[in-house]
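Engineer: In full-length UniProt numbering, the protein residues as written are 1 to 635.
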Amino acid sequence: MMISTCRFAVLRCQLYPTRRTNCSKIEHSCSNQRSFPKCFPFFVQIGASLTHLSSVSYQLTITRIHIHHPDLSPWVSPICCRVCSRSVSGSSHLHSTSWVVTNILSKGVKLREYTKGVENNLRQVELDSIQEYIKESDNLVSLHEQIRDCDNILSQMETLLSGFQAEIGSISADIKVLQEKSMDMGLKLKNRKVAESKLAKFVEEIIVPPRMIDIIVDGEVNDEYLRTLEILSKKLVVAEVDPMIKNSKALKDVQPELEKLRQKAVSKVYDFLVQKLHALRKPKTNIQILQQSVLLKYKYVISFLKDHSKEVYSEVRTAYIDTMNKVLSAHFRAYIQALEKLQLDIATSSDLIGVEARSSGLFLRGREPLKNRSAVFALGDRIKILKEVDEPALIPHIAEASSIKYPYEVLFRSLHKLLMDTATSEYNFCDDFFGEESMFYDIFAGPFAVIDEHFSSILPNSYDAIGLMLMILIIHQHQLIMSRRRIPCLDSYLDKVNIALWPRFKMVFDMHLSSLRNANVKTLWEDDVHPHYVMRRYAEFTASLIHLNVEYGDGQLDLNLERLRMAIDDLLIKLAKTFSKAKSQTVFLINNYDMTISVLKEAGPEGGKILVHFENLLKSNTALFVARRTLGRAF
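1. Give a yes or no on whether the minimum CB-CB distance between residue 156 and chain C is below 8 Å.
2. Could you check what DSSP says for residue 463 in three-state terms: helix, strand or coil?
3. Evaluate residue 430 with the Cβ neighbour count: other Cβ atoms within 10 Å of its Cβ, from every protein chain shown; 16 or more gives buried, anything less gives exposed.
4. Assuming residue 446 and residue 325 form a contact by the criterion Cβ under 8 Å, report the distance between their Cβ atoms to the nearest whole angstrom.
5. If distances are taken between C-alpha atoms only, which option among 539, 280, 409 and 277 comes closest to residue 378?
6. Report yes if the C-beta distance between residue 282 and residue 221 is below 8 Å; otherwise report no.
7. Are the beta-carbon atoms of residue 280 and residue 301 separated by less than 8 Å?
8. Determine the burial state of residue 345: buried for a count of at least 16 other Cβ atoms within 10 Å of its Cβ, exposed for fewer.
9. Note down the Cα distance separating residue 564 from residue 513, rounded to an integer number of angstroms.
10. Flag this pair as yes or no: are the beta carbons of residue 568 and residue 603 separated by less than 8 Å?
11. Leaving out five residues on either side along the sequence, give the residues of the same chain with a beta carbon under 6 Å from the beta carbon of residue 266.
12. So, do the stretch 383-393 and the stretch 410-417 have three or more beta carbon pairs nearer to each other than 8 Å?
13. Measure from the alpha carbon of residue 647 to the alpha carbon of each residue in 192, 193, 586 and 232, then state which is nearest.
14. Whole angstroms are fine: how far does the CA of residue 185 sit from the CA of residue 178?
15. Within 10 angstroms of the Cβ of residue 237, are there 16 or more other Cβ atoms? Answer buried if so, exposed if not.
16. Taking one C-beta from the stretch 493-509 and one from the stretch 520-540 each time, how about it: are there three or more such pairs within less than 8 Å?
17. Around the C-beta of residue 304, are 16 or more other C-beta atoms found within 10 angstroms, so that it is buried, or is it exposed?
18. From the DSSP output, read off the bridge partner residues of residue 407.
19. Which of helix, strand or coil does DSSP assign to residue 353?
20. In terms of residue numbering, what span does the alpha helix (DSSP H) encompassing residue 487 cover?
21. Are three or more beta carbon pairs between the stretch 393-408 and the stretch 610-619 nearer than 8 Å?
22. Could you give the distance in angstroms between the alpha-carbon of residue 356 and the alpha-carbon of residue 381?
23. Which of the three DSSP states, helix, strand or coil, is assigned to residue 139?
24. Along the alpha helix (DSSP H) that carries residue 217, what are the first and last residues, could you check?
25. From residue 173 to residue 161, what distance separates their C-alpha atoms?
26. Please report how far the alpha carbon of residue 551 lies from the alpha carbon of residue 601, in whole angstroms.
27. Applying the 10 Å Cβ sphere with the 16-neighbour rule, what's the burial state of residue 297?
28. Exposed or buried, what is residue 592 when buried is set at 16 or more other beta-carbons lying within 10 Å of its beta-carbon?
29. Do three or more CB pairs link the stretch 250-263 to the stretch 182-196 at distances below 8 Å?
30. State the CB to CB distance for the pair residue 626 and residue 543, rounded to an integer number of angstroms; the pair is presumed to be in contact (CB under 8 Å).
31. Compute the beta-carbon to beta-carbon distance between residue 472 and residue 420, rounded to the nearest angstrom, for a pair I have assumed lies under 8 Å.
32. What separation, rounded to the nearest whole angstrom, lies between the Cα atoms of residue 259 and residue 499?
33. Rounded to whole angstroms, what's the CA-CA distance from residue 171 to residue 199? Just pull it up for me.
34. Among 154, 157 and 337, which residue has its Cα nearest to the Cα of residue 450?
35. Classify residue 110 as buried or exposed, calling it buried when 16 or more other Cβ atoms lie within 10 Å of its own Cβ.
36. Who are the near neighbours of residue 622 in its chain, counting only those whose CB is closer than 8 Å to its CB and skipping five residues on each side?
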């Protein structure tokens with residue numbers, strides 16, 4: 001009851017300052033009560049009741065409490081805040097307080113009675129609050145005990161965590177020490193690994209295993225021998241190049257053994273290659289198969305000799321060049337001899353356009369003639385050889401067994417086809433096996449000499465202009481083939497052959513031209529207005545050359561054909577004049593011009609100026625013949 005008394009006393013003193021009776025005593029007793037803070041909840045209730053006062057009264061009351069009881073300010077402040085917040089948030093309520101006072105006065109209620117009623121209400125509120133507090137006291141005690149237990153538990157946990165923190169700090173220091181040791185050990189391990197790898201590499205490069213010695217000394221030259229030879233080559237190269245190994249004491253112990261192995265390997269490889277080179281000299285040996293399937297398989301031995309025994313390599317190289325030179329020379333010589341048996345002679349020096357037919361008879365020729373004499377000047381089926389330029393070479397014994405003879409251009413194509421294939425194979429082999437393309441020219445010096453010797457014997461005796469032109473075109477096609485193969489080894493040879501063929505063709509052509517210019521009209525004349533055989537020869541010869549020159553496109557040949565045309569024109573006019581009658585002369589010319597035009601058109605549409613020339617001559621002579629006949633009828 002002391003608490004409640006103090007509360008009401010203080011409140012009453014603050015609310016009613018005119019009643020100061022015993023206020024100082026009450027305030028003194030209240031200030032001495034240590035349990036005064038327990039009155040705080042009731043101040044909250046009082047504060048709620050204060051909201052019914054007017055704002056002016058409220059402010060005065062609070063001010064008095066602060067002035068006269070500053071020790072109560074901490075407990076009154078929350079009430080003040082609460083009341084202030086309510087007054088601020090609801091300004092209309094502050095105005096309503098004045099209205100309440102006005103309403104009370106208007107009703108005639110005495111203010112003291114109203115105040116007494118408020119005090120009773122406050123007292124009742126206080127009692128209710130005390131009862132409620134008492135009712136919840138057990139829960140508050142229980143809550144207090146739980147909080148105290150929690151404080152104990154948290155205190156223990158704090159102690160435990162403090163210990164953990166100290167231990168973790170110690171462990172962190174240990175970990176840092178271990179980390180430094182680990183880094184140091186890792187660096188040492190890395191250095192040892194580097195040293196170990198270098199040492200292992202050094203040992204591997206310098207050591208000579210017993211197995212390697214056995215293979216080099218006693219083993220046969222096979223795939224395993226080649227692998228061992230590569231290992232030996234690496235050891236020899238490293239011993240010469242690597243300064244660390246070259247200056248090491250270990251090399252001084254191993255170097256004599258390496259030198260012995262090198263000498264033994266060189267000797268065995270040399271014997272092996274010499275044996276294989278002897279196999280190339282055996283008759284009926286397929287050289288290309290032996291090169292591709294055997295020698296190329298062991299091409300590393302050449303690299304070994306190049307690196308470790310240049311003298312022996314030079315001996316092997318020289319031996320191979322000498323062997324292949326002789327083998328290929330003999331091969332081409334035998335092939336040429338076999339081809340000569342298949343040759344069909346077509347023309348002699350007397351087989352010219354302007355030569356009398358009787359002077360080149362069978363008994364004067366002395367050679368096997370063609371069935372059709374006009375084939376000497378006509379192209380005919382001989383042009384098919386240009387479509388067979390890249391066909392396989394003739395096999396002489398098969399052709400000889402069938403008793404077939406061939407014009408020389410067929411044999412020429414076959415010989416050069418064999419030369420191209422052999423040269424391509426040998427050129428590629430020299431590049432792959434020896435790594436030296438220049439060896440080819442040393443090897444083929446012999447075969448080139450054999451072919452040149454044969455060609456030198458054939459070409460001066462060749463009077464077949466059509467055949468010579470075909471050979472020129474064949475050489476041109478062979479040059480294109482080698483260019484597509486990207487093999488340059490025959491460029492100079494084919495150019496040389498081409499250069500040799502053109503002068504010979506020009507010489508034979510000039511012989512035909514001279515035969516027309518120097519022809520004996522009396523011996524050539526026949527009392528017949530039908531086409532003359534000389535004119536047929538010219539027509540077939542010209543048509544053949546025009547047809548062949550379409551693809552080649554030689555301008556000089558066109559000029560020579562124009563010269564030949566002028567010569568035949570002169571000769572034909574001379575032959576026509578031998579006829580006594582003008583009609584016969586005109587008919588003779590018309591028949592020859594018509595035949596020439598027909599032959600030129602049969603050869604193809606490439607007659608050009610020559611064809612136009614003879615067409616014009618035919619028209620003019622035909623017109624002359626018609627005019628003379630018309631005049632004859634008129635008279």
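Every residue, glycine too, gets a C-beta built ideally from N, C-alpha and C.
Every value quoted in this text rests on a predicted model; they were computed, and no experiment measured them.
Structural biologist: Based on what the coordinates show:
1. Included in the structure is just one protein chain, with no chain C present.
2. coil
3. Its Cβ being crowded by 16 or more others within 10 Å, residue 430 is buried.
4. 4 Å
5. 539
6. no
7. no
8. buried
9. 6 Å
10. no
11. In chain order, 309 and 312 place their CB closer than 6 Å to the CB of residue 266, counting only its own chain and leaving out the 5 sequence neighbours on each side.
12. yes
13. This structure gives no information on residue 647, because the portion of the chain shown stretches from 1 to 635.
14. 10 Å
15. exposed
16. No: fewer than three Cβ pairs fall under 8 Å.
17. So residue 304 ends up on the buried side.
18. The partner list for residue 407 (beta bridge, DSSP) reads 344.
19. coil
20. Taken as a continuous stretch (DSSP letters only), residue 487 belongs to no alpha helix (DSSP H), as it is neither H nor E.
21. no
22. 26 Å
23. Helix at residue 139.
24. 210-218
25. Approximately 18 Å, taken between the alpha carbons.
26. 17 Å
27. exposed
28. buried
29. no
30. Wrong, their Cβ atoms sit about 28 Å apart, outside the cutoff.
31. At roughly 16 Å, the Cβ-Cβ gap does not stay under 8 Å, so residue 472 and residue 420 are not in contact.
32. If you take the alpha carbons of residue 259 and residue 499, they lie about 55 Å apart.
33. 41 Å
34. Distances from the alpha-carbon of residue 450 to those of 154, 157 and 337 put 337 closest.
35. exposed
36. Excluding its 5 nearest sequence neighbours in each direction, residue 622 has C-beta neighbours in its own chain below 8 Å: 590, listed in chain order.
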